[in-house]
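Asks:
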Amino acid sequence: MNRSHYYILLIALLGPLTLLGQRRPGLRTVDESVLTNSAARSLGNLRSGGSGKSMDSLERRDYSDDTIAISYRMPTTTLALKLDSSIRDFTSRFPIPADHIYLGNNGTPTRSLLYTPILQPGWDAGFHALDVYRWKLENVRFFNTTKPYTELNYMLGSQTEQMIEAFHTQNVKPNWNILFNYRLINSPGYFKNQKTNHNNYLITSWYQSPKKRYNNYFAFLANNLLAGENGGLLNDQDYLNDPIYKDRFNIPTQLGGDGSAITGFFTNTVTTGNKYKDIHFMMRQQYDLGKKDSLVTDSTIVPLFYPRLRFEHTLSYHLYNYRFTDGLADTGYYNTNYGQGFTDLIDTFTLGDKWSRLVNDFSIIQFPDANNLQQYVKLGAAMENLTGQFLSGKHQFYNFYAHGEYRNRTRNRKWDMALAGTLYINGLNGGDYQAQVSLKRFLPKNGASLELGFNNTNRSPSFIFDTRSSFYLESARDFQKENITLISASIYQPKWNLRLTGQYYLVSNMTYFNGYYQPQQESSLFNVLQVSIQKVFHLGKHWNWYSDIYIQQKTGDVELNLPVVFTRQRIALEGLFFTNLNLSTGLEFRYHTPYKPDAYSPVLGRFFYQDNLSVNNLPDIHAFMHFRIRSMKVYLRVENLNTATNKYGFGFYNNNVVAPGYINPGMVVRLGIFWNFVN
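Residue numbers (the numbering used here): 792 to 1470.
1. Might you give, ordered along the chain, the residues of its own chain that have their beta carbon closer than 6 Å to the beta carbon of N1176, omitting 5 neighbours on each side?
2. Does the separation of the CB atoms of L947 and L1462 fall below 9 Å?
3. Looking at C-alpha atoms only, which residue of P965, F918 and G917 is the closest neighbour of K938?
4. Provide the residue(s) that pair with R1101 in DSSP beta bridges, ordered along the chain.
5. With burial defined as no fewer than 16 other Cβ atoms inside 10 Å of the residue's Cβ, what is the status of A889: buried or exposed?
6. For R1200, count neighbouring Cβ atoms within 10 angstroms of its own Cβ and tell me buried if that reaches 16, exposed if not.
7. Rounded to the nearest angstrom, what separates S978 and K1037 at their Cα positions?
8. What are the start and end residues of the alpha helix (DSSP H) that includes Y1308?
9. Please determine whether the Cβ atom of G1306 lies at a distance below 8 Å from any heavy atom of the ligand GTP.
10. Contact defined as beta carbons within less than 8 Å: I believe Q1309 pairs with N1300. What is the distance between those atoms, to the nearest angstrom?
11. Quick check on the DSSP output: what are the complete beta strand (DSSP E) runs of length 3 or more inside the region 928-1009, in order along the chain?
12. DSSP three-state call for D1476: helix, strand or coil?
13. Who does Q1225 pair with in a DSSP beta bridge?
14. Could you check how far apart the C-beta atoms of G1023 and Q1045 are, in whole angstroms? I think they sit under 8 Å.
15. Let's see if you can read the secondary structure: which residues bound the beta strand (DSSP E) around G1293?
16. Between the C-alpha atoms of A920 and T901, what's the straight-line distance to the nearest angstrom?
17. What distance in whole Å lies between the Cβ atoms of H1417 and S738, which are believed to be in contact at a cut-off of 8 Å?
18. Within 10 Å of its beta-carbon, does G1377 have 16 or more other beta-carbons around it, so buried, or fewer, so exposed?
19. By the three-class DSSP mapping on this structure, what secondary structure does P888 have?
20. Out of S903, N1128 and R884, which has the shortest C-alpha to C-alpha gap to I892?
21. Specify whether the region 1259-1266 and the region 920-935 touch according to this definition: at least 3 beta carbon pairs, one from each stretch, less than 8 Å apart.
22. Less than 6 Å between C-beta atoms, sequence neighbours within five positions excluded: which residues of the same chain meet that for T1384?
23. Would you kindly report the start and end of the unbroken alpha helix (DSSP H) that includes G1123?
24. Please work out which residues of its chain come closer than 8 Å, Cβ to Cβ, to N1237, disregarding the five sequence neighbours upstream and downstream, and give them in chain order.
25. Is the number of C-beta pairs between the region 973-988 and the region 1003-1010 that are closer than 8 Å three or more?
26. Write down every uninterrupted run of the beta strand (DSSP E) in the region 892-931 whose length is 3 residues or greater and which is fully enclosed by it, in chain order.
27. Out of I887, T867 and L894, which one is the CA nearest neighbour of N1392?
28. Can you tell me the Cα-Cα spacing of H1104 and Q1076, whole angstroms?
29. Go through its chain and collect everything with a Cβ distance to Q1131's Cβ below 6 Å, but skip five positions before and after it.
30. Helix, strand or coil for N1403 per DSSP?
31. Using only alpha-carbon positions, find the residue among F1011, D1339 and N990 that is nearest to I969.
32. Could you tell me if F1441 is buried or exposed, where buried requires 16 or more neighbouring beta carbons within 10 angstroms of its beta carbon?
33. Strictly by DSSP, which residues pair up with A1414?
34. If you draw a straight line from the alpha carbon of T1116 to that of D1049, how long is it in whole angstroms?
Okay, here's the thing in structure tokens:
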């Protein structure tokens, strides 16, 4: 990096601090699919995928060239994927998806407004309220690049909310890539006792032998998530209508005491809250048997290799630590809401589960067509060893499961078919299984596509429903396996900038909580139908309207509340101006129909069913200006304009309710600067 880059970086970091140092929502949408030609995207429900040329084009490139060629692979696909440079959708950079609500500020628990059950068999600890801030091993990218590539990202918001990310990848040799990635999400909170501090770390290595027979993928990943819990605002309706509490930070909360606002950077002390830590090590080794070949140029001979049979071994080790701690415990709160029966004043209330997982997985992959690596048959088996430490002591478990997959993406790219299955033969989750089928048809002439999918998952309830968990606070009971069937269809027509999607869920034995700690299981069969429409309307030469509408309806007598309609609408002025200015600026609206939202249990870190409070919110209104100049992207947003009111004199006090005791903040300003460098 030359000296000018350091000057630019210094301006990028210090500029937002000057502008916003005072106090102070993804879901992929049709803009990315319509405007980036994703008709060649691989199966969405079954595997991560994308379009792009084969890796051979990159491997044959002259590494002394001044330009850069960069692509990556996911652990579950052989496709070479490209980086996304779009600026249209802020949620591609912001960790909270557009369809999620969150409990106050960046870093607090979230959940989707759309019905999204867990479709994963086997072991699951059961803590998912902070999942959007976790980096996951299955989403790790393994890069190949002709030049060192760096991204430096910084976002600052009101109340000194901040997000910092550093990313660097380079090929130390043409056949060996390394990567480092770090992210910090930090927010003192708009309300009392909601400080958050999340740290994510990732190191990867991808080595391929010179003769291309051997591949070694290594990943180290860690998440350290720290979220303060306030239990919701105290008597929120009374305080919200009192002009003395125009500054919502002054409203008392259920938990955490009467702490003062801390607006300094890197605030990481939480007296009452959840601390989730997980660490992952993964090494995948592959050795191929097949046909050797070479490409002869004027000056060099480039070796090629076409695999026919691949042996794959994956060794992974995982550590998980889930802990709730209240250093200022109010015995009345825990007696009332959790039935703990405390009789004396206690200083600290703590619950925790710790896990370790060791997985040995061996697979054989056969490629029927040497010239088409997107057609293969994969068979494998894995042994999983689990150790859990709870208040009841240490327990050891195991799982033995088999898995298989058939994939065929035809060479003419007209058909894409995948079948996959996993069966837990024995162990803690014996009898769990998952079967998936996906079929996609492309029409190359107009880019249209039709995709059909089927998924049936039979899974054990998450371990938080097991009496051995420290977080199981109810009397003992048995739970049956959940069974979820998903049938889906999607039609994409680029000529009309239109995507139609339908999803039909058939669910039995759904497990859930209908109180702060009371686990339940729905014995009756019920179904949920979701239909979505995503379309881009071109209103003029530079004006676009992005319309996303989701309709969902349940049938059956089940304790599940969903908004019937959720919509996201964006109207933007877009285009290339002044040679280098790529601009997208306009207004964004998000709205859901009235419904009874789930409440939140801070000790369990879970949302739970409630049937008392119904919310009828105004649409969320955000103004935005996103632009890119060469390698710099800037996101400037003014959010929650809908909270403006003259109730106590003009201000932003008309907060939307997201859950009982929890509201959205008033106006929020966010400024993000994202740089990338080719060194």
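The beta carbon of each residue, even a glycine, is placed where N, CA and C say it ideally should be.
Replies: From the atom records:
1. L1149 and Y1189
2. yes
3. P965
4. D1079 and I1156
5. buried
6. buried
7. 20 Å
8. Counting along the chain, Y1308 falls outside any alpha helix (DSSP H), and DSSP gives it neither H nor E.
9. Among the components modelled here there is no ligand, and therefore nothing to report on the ligand GTP.
10. 17 Å between Cβ atoms; not a contact.
11. 933-936, 940-948, 953-964, 967-978 and 987-999
12. With the chain covering 792 to 1470 only, the question about residue 1476 has no answer from this structure.
13. T1213 and T1248
14. 5 Å
15. L1289 to S1299
16. 6 Å
17. Since the first and last residues shown for the chain are 792 and 1470, residue 738 lies out of range.
18. buried
19. coil
20. S903
21. no
22. P1354, V1355 and V1356
23. T1122 to Y1129
24. Q1284, P1285 and K1286
25. no
26. 901-903
27. For clarity, residue 1392 is Ser in the given sequence; the question names Asn instead. Closest option to S1392, Cα to Cα, is L894.
28. 5 Å
29. Y1125
30. coil
31. F1011
32. exposed
33. L1378 and V1429
34. 17 Å
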